[in-house]
Structures are given as C-alpha cells and as structure tokens.
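Under this note's numbering, read the sequence shown as residues 544 to 705, first letter to last. Below is one structure, written out as structure tokens; the observations come after it.
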Amino acid sequence: MKGSRKNRRHVPLTREWLLPLPPVHARDISLKCHMALVALRSGHGNEALLMRLRTSVYLVFLALDDAVGADADIDLCVDAERALDAGVARAAQSGAWTLRDDECAVLEPVLAANDTCVTTLTRHRLAELWEHVCAFASSGQPALVAGAAEKMRMHAAESLAA
C-alpha cells in the first residue's frame with residue numbers, strides 16, 4: 544500500500560491556485576453577501592439570501608484556524624447561526640424572510656471576517672473550505688456550528704485534563 548502512495552504524484556498547484564482571488568471576484572462575493580443582509584434587514588429577503596448568509600457563517604467558522612479576523616471566534620459564529628435560525632423560524636410562521644436589527648448586528652462582524660477570507664485566503668484554500676461549506680449547507684441538520692463548537696470545546700477540555 545505504501546508503495547502505491549509513493550507512485551502517486553500530486554499535480555502541482557498553478558500560480559492561480561496559490562494566490563488569493565482576483566479583487567474583482569472577491570468584491571463581487573462580498574457585495575452579494577452584504578446586499579443579502581441589507582435585503583433581509585429591510586424586509587425584502589428570501590430563503591436564498593438567508594442561505595447566502597448561512598454559507599458565509601459556515602465559511603468563517605471553518606476558516607477560524609486561518610486567522611480570518613480579530614473579531615471572528617467560535618462564539619460569534621454560534622451567535623450568527625442562532626440569528627439566522629431565528630429568521631428561518633419567523634419565516635416559517637409569517638412567510639416574511641427578515642432579520643431584526645440585533646440579529647443583523649451579530650452578522651456584520653461575520654461578514655467582515657468573510658470579506659477577509661475571500662480577499663486573503665488562496666483560491667486553493669477557499670476551494671477546500673467551500674467543499675466543507677457545501678457539506679454543512681446540504682446536511683439539513685440544525686445548529687451545525689453550535690454542535691461543532693461544543694465538540695471542539697469538549698475536545699479542548701479533555702486535552703487540558705490529560
């Protein structure tokens with residue numbers, strides 16, 4: 544088995560994959576996320592816009608080890624996920640896809656960290672993270688960030704105790 548691993552060659556990454564996204568692409572992603580927040584805040588949202596924000600939360604959460612921003616941490620991501628879940632619950636009751644001002648305030652630093660991700664991480668790293676974001680988003684499980692954060696905290700506590 545080990546011999547077959549040695550014979551496999553990884554195709555080296557091209558310059559394009561080793562650099563961050565072009566600024567125009569990063570700005571486009573950033574603008575779409577910020578406009579989704581504005582639309583949901585003003586009562587003109589929909590499920591797709593909320594999902595765009597949810598994928599931003601997932602990306603920031605998964606990129607925490609990449610030092611995506613001074614304000615980004617596990618608790619911020621958990622709070623942001625809860626804010627989005629509250630918006631989904633309201634939409635289920637009233638049919639209106641909106642976020643309250645306090646929920647938007649929680650999401651703003653997440654979007655700032657998301658902006659940092661798309662402007663500074665390499666295209667290769669973003670592609671790796673995006674695979675995980677898609678898996679999170681398509682799982683349909685509630686409170687994914689909160690659950691993962693709890694597991695991370697338990698693991699850290701066990702490591703300290705050992």
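Just so it is clear, CB atoms sit at the ideal spot from N, CA and C, and this is done for glycine as well.
Residues that DSSP places opposite Thr-665 in a beta bridge | Pro-563
Gln-684: first and last residue of the uninterrupted alpha helix (DSSP H) it sits in = Taken as a continuous stretch (DSSP letters only), Gln-684 belongs to no alpha helix (DSSP H), as it is neither H nor E.
Do the stretch 602 to 620 and the stretch 663 to 680 touch if we need at least three Cβ pairs shorter than 8 angstroms?
-> yes
Which residue's Cα is closest to the Cα of Thr-641: Gly-683, Gln-684, Asp-616, Leu-583?
-> Leu-583
Under 8 angstroms between the Cβ atoms of Ala-670 and Leu-650?
-> no
Closest to Leu-602 by CA distance: which of Asp-628, Glu-590, Ala-648, Ile-572 is it?
-> Ile-572
Along the chain, where does the alpha helix (DSSP H) that runs through Gly-630 open and close?
-> 617 to 637
Go to Thr-598, then tell me how far its alpha helix (DSSP H) extends in each direction, as first and last residue.
-> 590 to 605
Is DSSP giving Thr-641 helix, strand or coil here?
-> coil
Whole-angstrom distance between Ala-606 and Arg-696, CA atom to CA atom = 17 angstroms
Would the beta-carbon of Ala-689 fall within 8 angstroms of that of Val-600?
-> no
Please say whether Pro-652 and Ala-615 have beta carbons closer to each other than 8 angstroms?
-> yes
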